[in-house]
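Protein chains in written order, with our numbering: chain A, 75 to 551; chain B, 112 to 576. Taking it in order: structure first as structure tokens, then the write-up.
And the structure:
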């Protein structure tokens with residue numbers, strides 16, 4: 075620790091705005107992933123001026139700086155891999171303005187995702203992207219990771235709902251990107267910065283689009299005796315052009331974990347369930363619900379249940395959104411993956427995941443955004459057993475490799491961070507990565523902002539190493 | 112002519128074959144932009160050829176401008192230098208089509224119409240209903256960043272572009288994004304290509320998410336005696352549960368534009384008689400769904416039109432929709448051909464400020480005695496066509512003044528305004544890229560990375576990039 079820097083941070087933020095004792099720092103060394111890294115300081119800015127000051131001090135003292143919302147991320151994006159100043163936005167948590175007529179809201183980065191939707195619900199509005207951690211995660215973190223969620227199937231992910239930002243560049247410069255009206259002229263810098271995983275700037279203010287709450291929502295639960303029947307249902311719905319607002323799948327292993335804990339009404343003996351939300355005009359939703367039920371039955375669904383009221387609907391969704399908590403009761407440590415595949419490859423991929431599980435001695439659970447092919451295999455392991463943990467990582471890597479072979483992606487919504495940097499060569503050539511690195515270096519010239527994220531640290535190495543995952547705390551979605 | 116441009120044709124012939132090089136002085140003006148004619152044009156037939164050509168150009172500091180169907184090359188500032196036209200029209204294949212996953216990968220030179228035909232076989236489509244639809248290529252559509260009336264429901268290209276493969280200004284082949292509908296791996300560099308006018312890279316391949324063709328579509332037109340009333344209906348729709356696929360408000364003068372002989376060439380089929388009136392503002396909206404949904408639209412739109420004070424309403428049946436929709440899509444080309452010196456401004460403001468903006472447009476155009484027409488998208492994007500009677504110094508002065516005043520008025524409403532189209536000779540006096548933006552310095556950083564030598568479309572972009 076550098077006493078001069080501590081002194082300067084205290085001067086800038088007040089003593090209650092700076093943590094530096096190791097017993098305090100330990101609380102900030104994880105996020106929701108299996109990664110760790112202890113910051114040297116944890117600071118709590120109150121406004122943009124504070125953030126710019128922190129960035130100036132980091133530059134002056136040549137220490138890394140990392141932004142952090144609620145620390146629910148699943149790829150180590152908010153973990154201080156190289157130590158340094160961890161900037162936590164929990165004090166910048168105000169909704170600054172809501173413009174009902176123009177469907178806009180301006181928020182500080184520390185606003186909790188679900189709180190924004192709650193704040194505008196009485197106006198008949200909501201903020202669409204809804205990560206499973208939405209009761210804790212922040213909009214600033216969502217912007218950094220370009221977060222998704224179940225309801226992004228029909229409505230798009232974070233980048234489709236963010237219009238403008240104020241950011242502090244790693245050089246300390248405060249700039250505005252995008253515009254509150256649509257179509258700002260010039261290059262789409264917003265598109266570049268959203269999802270840059272905190273490596274290009276610290277976000278201090280965000281203008282988002284709000285959406286009118288649908289007049290009708292219908293929630294359906296389809297129960298299957300074979301996993302293949304469920305995955306084939308998803309493929310056929312996609313091909314028929316029926317786009318539910320959400321289409322989630324839980325396999326038997328996950329159903330039993332959830333049902334024990336949440337009592338959502340999922341049948342314990344099912345091989346898989348599909349959970350659908352259909353929303354919009356009631357005249358459309360009714361016909362679409364019939365269409366979904368028809369396709370499910372065509373693929374041998376044992377039963378298709380329609381939630382009768384809001385209470386039943388909430389209960390079914392509680393089952394989905396608390397699934398990771400439920401898994402935690404069975405296995406306190408587990409590894410969640412985030413691969414994406416073309417939806418036509420769902421049946422083949424789930425079979426492959428099962429084979430990989432057998433090969434490494436795991437029963438791998440599956441709960442995922444089936445509608446957009448975004449898988450979340452869950453690999454439970456014993457964290458005290460280092461060898462088992464390594465096998466868990468190996469099996470996860472094999473799953474991801476298969477996703478890429480299917481034409482898919484290594485991450486659909488969790489980000490690359492420090493979890494998958496070594497897997498980037500599966501998708502991108504050195505030339506592809508170099509262009510991205512050059513962009514990072516242009517905005518983050520000293521590499522002080524969120525160092526050693528996204529990019530594999532050994533250049534020219536096409537091999538995948540398992541290096542960064544050395545400890546194994548609990549993970550959750 | 113420099114040595115490099117002298118050896119250009121033979122070098123290009125080595126790379127792409129002699130038949131794919133254009134260097135006959137009678138053929139080259141077809142590739143001209145703002146009066147600049149390139150020394151040669153080349154039609155590469157493969158990725159490798161594009162890489163070779165750009166590498167050669169970069170080494171010799173030759174300025175390359177990428178083109179497709181050449182329908183929107185006059186957008187932006189005049190090029191600072193223009194040596195070589197890179198004609199992508201031979202690269203026109205569907206690389207991969209996965210209708211079961213609703214994704215498609217195409218080469219940049221594929222015409223939108225050809226792609227639409229392929230997708231229609233699977234009852235799918237890409238919602239890029241852009242101007243010059245019958246000729247435009249997918250690559251040019253992305254590079255020009257023109258919008259589509261279908262954005263009301265489907266969003267713009269940035270909402271369904273999944274990834275691109277491109278060649279940098281140094282001739283490096285790279286890609287960004289992927290082929291699946293959900294993906295956050297790496298930086299979204301592909302989004303930068305949208306609207307970049309070919310200043311960042313030569314886009315080779317493009318991956319999209321597709322959509323299912325709606326079974327039944329209808330449209331509804333309501334006429335009003337003021338912009339305010341037409342927009343009042345727009346606001347009522349925005350506050351309802353309706354989710355139409357298009358929603359635009361037209362100024363009265365659009366009636367004559369869209370029923371003109373010029374419009375006949377761009378529109379599919381005869382324009383429904385008496386649909387618009389040159390004395391009224393019109394709200395036009397298209398929607399899709401099952402019979403019950405369509406019936407609901409009829410009831411609600413009729414009610415909202417009445418509440419907003421419509422003087423006349425009409426619902427268009429399936430046989431009339433294509434003619435009306437195609438003219439809405441082709442508003443820009445129709446306007447461009449309707450005056451010897453059409454100047455088009457693109458304005459974006461918050462939806463609730465559209466009334467104030469349109470009033471300012473009318474006031475400014477009329478005070479400068481410039482005929483005008485406007486198409487205002489429901490989401491707050493307004494295209495204003497200034498339609499001078501002649502292309503001469505006096506009209507140039509008046510149109511430039513009107514454009515400047517409109518840009519200032521838009522700035523006062525915290526909006527964005529640019530001049531995507533105007534006569535080449537007028538560009539030097541026009542604020543093509545609008546008011547100066549604070550983030551231009553960041554855009555310079557981006558340009559420098561993609562094209563360090565400045566050989567790709569030099570000078571056409573914002574800030575002279």
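Here a beta-carbon is modelled for each residue, glycine too, at the ideal position from N, C-alpha and C. It should be emphasised that the depicted structure is a prediction, and the values quoted were computed from it without experimental measurement.
Nearest-angstrom beta carbon gap, residue j and residue i [assumed within contact, 8 Å]
| i | j | result |
| --- | --- | --- |
| residue 456 of chain B | residue 528 of chain B | 6 Å |
| residue 492 of chain A | residue 520 of chain A | So it is not a contact: roughly 19 Å between Cβ atoms. |
| residue 583 of chain B | residue 363 of chain B | Shown here, chain B extends from 112 to 576; a query on residue 583 of chain B therefore has no answer. |
| residue 314 of chain B | residue 250 of chain B | 5 Å |
| residue 373 of chain B | residue 338 of chain B | Going by Cβ atoms, the distance from residue 373 of chain B to residue 338 of chain B rounds to 24 Å, so no, they are not a contact pair. |
| residue 254 of chain B | residue 308 of chain B | 6 Å |
| residue 205 of chain A | residue 191 of chain A | Contact flag wrong, Cβ pair sits at about 12 Å. |
| residue 272 of chain A | residue 140 of chain A | 7 Å |
| residue 87 of chain A | residue 124 of chain A | 6 Å |
| residue 424 of chain A | residue 305 of chain A | 6 Å |
Buried or exposed (CB count within 10 angstroms, at least 16 for buried), residue i
| i | result |
| --- | --- |
| residue 395 of chain A | buried |
| residue 96 of chain A | exposed |
| residue 543 of chain A | In this predicted model, residue 543 of chain A has a pLDDT of only 36, less than 50, meaning its place in the structure is not dependable; the value taken from the coordinates is given anyway. Classification of residue 543 of chain A: buried, given that the 10 Å Cβ count is 16 or more. |
| residue 432 of chain A | exposed |
| residue 541 of chain A | Note that residue 541 of chain A scores a pLDDT of 34, beneath 50, so its modelled location is shaky and nothing firm can be said. |
| residue 514 of chain A | buried |
| residue 123 of chain B | buried |
| residue 410 of chain B | exposed |
| residue 416 of chain B | buried |
| residue 546 of chain A | The pLDDT assigned to residue 546 of chain A is 36, lower than 50, so where the model puts this residue is not dependable; a value taken from the coordinates is nonetheless given after this. Buried, by the Cβ-count rule. |
| residue 568 of chain B | buried |
| residue 81 of chain A | exposed |
| residue 444 of chain B | buried |
| residue 187 of chain B | buried |
| residue 117 of chain B | exposed |
| residue 376 of chain B | exposed |
Within chain A, the residues that residue i reaches when beta carbons sit closer than 8 Å
| i | result |
| --- | --- |
| residue 214 of chain B | 416 |
| residue 401 of chain B | 357, 358 and 361 |
| residue 352 of chain B | 286, 288, 289, 354 and 355 |
| residue 300 of chain B | 266, 509, 510 and 513 |
Neighbour list for residue i in chain A, Cβ cutoff strictly below 9 Å
| i | result |
| --- | --- |
| residue 532 of chain B | Within chain A, no residue comes near residue 532 of chain B; the closest Cβ sits about 14 Å away, beyond 9 Å. |
| residue 503 of chain B | The premise fails here: residue 503 of chain B is roughly 29 Å from chain A at the closest Cβ pair, so nothing lies under 9 Å. |
Chain-ordered neighbours of residue i on chain B, where CB pairs are closer than 7 Å
| i | result |
| --- | --- |
| residue 258 of chain A | 527 |
| residue 404 of chain A | The contacting residues do not exist; residue 404 of chain A stays about 28 Å from chain B at best. |
| residue 251 of chain A | 550 |
Residue(s) in a DSSP beta bridge with residue i
| i | result |
| --- | --- |
| residue 540 of chain B | For residue 540 of chain B, which the question treats as bridged, DSSP gives no partner whatsoever. |
| residue 297 of chain A | A/347 and A/377 |
| residue 455 of chain A | A/407 |
| residue 489 of chain A | For residue 489 of chain A, which the question treats as bridged, DSSP gives no partner whatsoever. |
| residue 277 of chain A | A/241 |
| residue 497 of chain B | B/454 and B/483 |
| residue 218 of chain B | B/316 |
| residue 323 of chain A | A/348 and A/442 |
| residue 399 of chain B | B/328 |
| residue 234 of chain B | For residue 234 of chain B, which the question treats as bridged, DSSP gives no partner whatsoever. |
| residue 425 of chain B | B/332 |
| residue 338 of chain B | Bridge partners of residue 338 of chain B: none, in fact. |
Chain B contact residues for residue i, given Cβ-Cβ distances below 9 Å
| i | result |
| --- | --- |
| residue 213 of chain A | Correct list: empty, because the minimum Cβ distance to chain B is about 16 Å. |
Contacts that residue i makes with chain B (C-beta to C-beta distance below 8 Å)
| i | result |
| --- | --- |
| residue 280 of chain A | Residues of chain B passing the Cβ test: none, with the nearest at roughly 16 Å. |
Beta-carbon neighbours of residue i, restricted to chain A and to distances below 7 Å
| i | result |
| --- | --- |
| residue 209 of chain B | 416 and 418 |
| residue 601 of chain B | What the structure shows of chain B is the stretch from 112 to 576, and residue 601 of chain B is not part of that stretch, so it cannot be assessed. |
| residue 269 of chain B | 262 and 265 |
| residue 348 of chain B | None at all; the shortest Cβ gap to chain A is about 11 Å. |
| residue 459 of chain B | 255, 256 and 257 |
* **Start-end ranges of the beta strand (DSSP E) lying completely within the stretch 361-440 of chain A, minimum 3 residues** => Listed in chain order, the complete beta strand (DSSP E) runs (minimum 3 residues) inside the stretch 361-440 of chain A are 377-380 and 407-410.
* Write down every uninterrupted run of the alpha helix (DSSP H) in the stretch 104-144 of chain A whose length is 4 residues or greater and which is fully enclosed by it, in chain order. => Within the stretch 104-144 of chain A, the complete alpha helix (DSSP H) runs of at least 4 residues are 122-135.
* Tell me the start and end of each unbroken alpha helix (DSSP H) in the stretch 132-215 of chain B that is at least 4 residues and wholly inside, in chain order. => Counting whole runs of 4 or more residues, the stretch 132-215 of chain B contains the alpha helix (DSSP H) stretches 158-171.
* Members of the stretch 478-495 of chain A near chain C, C-beta cut-off 7 Å -> The chain labelled as chain C is not found among the protein chains of the depicted structure, namely A and B.
* Hey, which unbroken runs of the alpha helix (DSSP H) at 4 residues or more fall wholly within the stretch 202-240 of chain A? -> Secondary structure within the stretch 202-240 of chain A: the alpha helix (DSSP H) runs of 4 or more consecutive residues, fully enclosed, are 213-219 and 226-229 (chain order).
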